[in-house]
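Residue numbers (our numbering): 285 to 1216. Glycine residues also receive a C-beta, built at the ideal position from the N, C-alpha and C atoms. Data block below; observations after.
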RNA sequence: GCGAGGGUUUCAGAGCUUGGCCAAAUGAGCCGGACUUAAGAUCCGGUCCCGCAGGGGUCCGAGGGUUCAAAUCCCUUCCCUCGCACCA
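Set out below in structure tokens:
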């Protein structure tokens, strides 16, 4: 265990100075408001959560130093069912759950014993979150903290929902859900023990008459009703006769049970063996009187247990029929083709089966074959003209509607696979829930509004826009009420709770007033009050006097902060929360108060594996902070990748980040103690510093935290190294080093605020570094020719080095031969030339008599220079061509440096002064080097 | 299956939008050296292959194509991650 960079007492002292520093309220500064999706405090924070909140904190701190009034608030989302389930499991002494909380989350026994109350869980972890977030140095305004079950927040949610209802965005309807009869509740993905990939499929029941009785055949392909040749029943199954909706249906007993959950009264009145149905007939409008035949592929546990047979288009049906033919039975039944499909003839299923060599109804490959045929027919199939001639996709919908409207068909929902088993061990069914409320995300007008606003929003990174666009198009009705869990009751139908994702869509507005609203009793908070605060609507019903004053203050505060500038959240929330909140803002707030931007995060890995609490693969944030120090954790989390990239928490990498932070401290301390005089080389470093200020600012403006660290830390370090090397052992300039330290500390303050705060104090600066002015580049200190000169020196040093390594002699002297002026002229001319291709450039330049005078050498020089040209960065090439460096002077000035670095004597000459063979090689920005 | 994003040198990760600055930034790891009583601390150097002159060769998931020129553009293919709804 090491407490890095700053000592524990220092850390605590700094936290103390920050205690109230980030409380914020409207001022005459420009505002910047950013929010993160608030946490669901059902467990302890791990380093993955850490990054979610540290990244926005870095931005918040950056903006604050830039002079913005910054609001970074935090609250806790405690709505929903999971925590209720957890408390129930703890109450039931479930060992896994108790161990998770005791060992992994390190909850003390006395606290744990109160966890049979879900509110105790969320209260405990909310406090833990706040405590650990403070340790991580998050610059949050805690006066605005709330939870989603606070009475005042509930009032706010009620207000929101009155508006949604008034805007016709919420409506009542029926909805099929996965349902567990034993739990008497709908079950979600996380509650499924088995069959979690099963989808709810919508079958159309095609009704066939058999005397007075109805045989409902379930199909996913109602358009094939024209091609039915017979029905299939399983001969060994005992079917039931059930009175359903006033008529007697013949279905499997499983089906009777299922249908009873789907809006039908079911009364079983008798049974009939499948074998008794065989060889009787049934009829409907489309196929007349047809026989009921036996088939063993029929599954009584799938839909109604009775199947209509379309042998021309369904491989199962064809095989079953062929089996009967082979026994010499029903040979008069012929498949009826009704769909034209690319690549198939009149009877696609028949062809497919015959070509596949499948022999039996129970062949495993039959499923795949069916899928192939169905897919082909669905995507490219067209009904024959006598059946309407439309594409299958369209015909399917139309036939289904027609059957429902005119021929008594209804819908039956069924899982695509079974069984589906609830976590309680009981089997789950599809149930149609009634009285369910839906958010009408399918509303095209609403979608259009959202899409339009989305187009105007800033999305980071821009790659996520496609996913947002798709989500807007894809969203349909969202069941927005629940029977169980914590939350706000639906105001006009209090038997329902508002579903957790739906009560968290406009709360960013609530943050703006969350501190002040605590002074007002929740009873006062009528919809009119919120209408005034958020929409500026006056009303007779508004309270008067002192309360009204407070409302005015809240209105002012809301208008100051809103709309929020950026919302941060993980990428898995794009398809729900992040898009929902745009919908809700559009429904409630006027255009100028809607979200401005979003930043989407990547996911976290721990040692290469996905970090999830459920698998125990987590590393707690607090543990990380005490193992490595808050600043190391911060720098690693925002520096190992850009926010939107996934990151991997690995010990060795974090460890080396820790060293970097420590190195920064000692480097800065060296800077503070530097006492050298000014030297010409200072000019270069000062110029570079301005460059890094500029680039770091740009990076953080674009939320590129990794890039920012790259520039502000590593690049800066590298230049400082070169600077020191150039001094040849002389002491660094006192003024420049203090200048550097001051800038450097501030550039890294958003990332490593504890360290920065500590060093700032050591520098003797007044006030908190967290509020110090963000460095601004001094344009006057930028000297491009000087930087170019240094670049030339670096490149030459590198050349020299690589030659020496190869030739492996101990050099006595080095002669640097600089290019003659006329080669520089060529260089500049090539840069300016618009001619394409070396040949053309040569032609063009040889027009010039001065150049032509150099004959063959000139041609070579043009070739060399143009090759050289495109090996340089374009802006460097341009700047060199515009203001050619005085190479002779540069090398003469740096003579002692090179002599010192390589321990040789150095001579600098112009190429015309040297008779050496190599002297001819001297080119612009690439002097010839003669080593002897 | 559908939708979105991605596959780069030992690793992480730049670069790819606007093809030539790319053998490919930077950091980590590893190797060697210096400093030290000693270091996991610091500093210096190396880290695809070949080369006793700054050069050459191979390389950016795989396979094709466009181009004088491709990690960068086009096509095909394989693999990975996320989402697919009542769940925070």
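Per DSSP, the bridge partner or partners of residue i
i            : result
residue 893  : 890
residue 1212 : 1101
residue 1160 : Partner(s): none; residue 1160 has no beta bridge.
residue 698  : 485
residue 411  : None; residue 411 has no bridge partner.
residue 568  : 572
residue 667  : 623
residue 551  : 527
residue 249  : Beyond the ends of the chain as shown, which are 285 and 1216, falls residue 249; an answer cannot be given.
residue 557  : 522
residue 1078 : Per DSSP, none; premise fails for residue 1078.
CB-CB length for residue i against residue j, believed under 8 Å
i            : j            : result
residue 721  : residue 899  : 35 Å between Cβ atoms; not a contact.
residue 687  : residue 513  : Actually they are not in contact, since the Cβ atoms of residue 687 and residue 513 sit about 18 Å apart, beyond 8 Å.
residue 1031 : residue 1059 : 6 Å
residue 1217 : residue 654  : Any question about residue 1217 goes unanswered here, given that the chain covers just 285 to 1216.
residue 1020 : residue 966  : 5 Å
residue 491  : residue 692  : 5 Å
residue 781  : residue 436  : About 17 Å separates the two Cβ atoms, so there is no contact after all.
residue 348  : residue 798  : The Cβ separation is near 19 Å, so there is no contact.
residue 371  : residue 399  : 6 Å
Residues near residue i in its chain [Cβ-Cβ closer than 6 Å; skip 5 each side]
i            : result
residue 713  : 463, 542 and 545
residue 1098 : 1188, 1190 and 1215
residue 675  : 666
residue 1202 : 1212 and 1214
residue 265  : The structure shown does not extend to residue 265, since the chain spans only 285 to 1216, so no value can be given for it.
residue 447  : 872
residue 561  : 517 and 576
residue 1205 : 1212
residue 460  : 484, 697, 714 and 716
Contacting residues, own chain, Cβ-Cβ under 8 Å from residue i (five flanking each side not counted)
i            : result
residue 1015 : 958, 959, 960 and 961
residue 734  : 756, 863, 866, 867 and 870
residue 875  : 737
residue 1066 : 971, 974 and 975
residue 285  : Residue placement at residue 285 is poorly supported in this model, since its pLDDT is 33, which falls under 50; the coordinates are not used for a value here.
residue 497  : 525, 531, 532, 533 and 534
Cutoff 7 Å; reference residue i; Cβ partners in own chain excluding five residues on either side
i           : result
residue 539 : 587, 588 and 589
residue 297 : none
residue 832 : 826
residue 606 : none
The ligand SAM heavy atom lying under 6 Å from the CB of residue i
i           : result
residue 982 : Absence of the ligand SAM from the depicted structure is noted, as is the absence of any ligand whatsoever, leaving it without description.
Under 8 Å: do the region 975-989 and the region 941-953 share three or more Cβ pairs, one atom per stretch? no
Which full runs of the beta strand (DSSP E) of 3+ residues lie inside the region 917-999, going along the chain? 931-933
contact_flag[the region 763-771, the region 360-369] where n(CB pairs < 8 Å) is 3 or more: yes
Quick check on the DSSP output: what are the complete beta strand (DSSP E) runs of length 3 or more inside the region 1126-1201, in order along the chain? 1189-1194
Of all the alpha helix (DSSP H) runs that stay within the bounds of the region 738-793, which reach a length of 4 or more residues? Those alpha helix (DSSP H) runs which fall completely within the region 738-793 and span 4+ residues are 749-758.
List in chain order: all unbroken beta strand (DSSP E) runs of 3+ residues lying wholly within the region 470-527. 476-478, 484-494, 497-503 and 514-517
Is the number of C-beta pairs between the region 854-866 and the region 785-800 that are closer than 8 Å three or more? Segments in contact, yes.
When the Cβ atoms of the region 1003-1015 are set against those of the region 1169-1184, are three or more pairs found closer than 8 Å? yes
Do the region 1193-1211 and the region 1102-1119 make contact, defined as three or more Cβ pairs closer than 8 Å? yes
As an exercise, report each continuous alpha helix (DSSP H) stretch of at least 4 residues that is fully enclosed by the region 341-385, in chain order. 366-375 and 379-383
Give a yes or no on contact between the region 299-310 and the region 420-430, applying the rule of three or more CB pairs nearer than 8 Å. yes
For the structure I just gave you, are there three or more beta carbon pairs, one from the region 605-615 and one from the region 549-558, closer than 8 Å? no
Do the region 404-421 and the region 897-913 make contact, defined as three or more Cβ pairs closer than 8 Å? yes
Closer than 8 Å is the cut-off here; do at least three beta carbon pairs connect the region 981-997 with the region 1022-1040? yes
Are the region 515-523 and the region 572-583 touching by the rule of at least three beta carbon pairs closer than 8 Å? yes
Please confirm if the region 520-534 is in contact with the region 553-569, defined as three or more CB-CB distances below 8 Å between the two stretches. yes
Quick check on the DSSP output: what are the complete alpha helix (DSSP H) runs of length 4 or more inside the region 825-902, in order along the chain? 829-845 and 863-872
Assess contact between the region 639-650 and the region 689-703, defined as three or more Cβ pairs (one per stretch) separated by less than 8 Å. Is contact present? no
Are the region 875-884 and the region 366-386 touching by the rule of at least three beta carbon pairs closer than 8 Å? no
Please give the ranges of any alpha helix (DSSP H) in the region 410-439, keeping only runs that are unbroken, at least 4 residues long and fully inside the region. none
Quick check: the region 343-362 against the region 318-327, are at least 3 beta-carbon pairs closer than 8 Å? The answer is yes - the region 343-362 touches the region 318-327, with three or more Cβ pairs under 8 Å.
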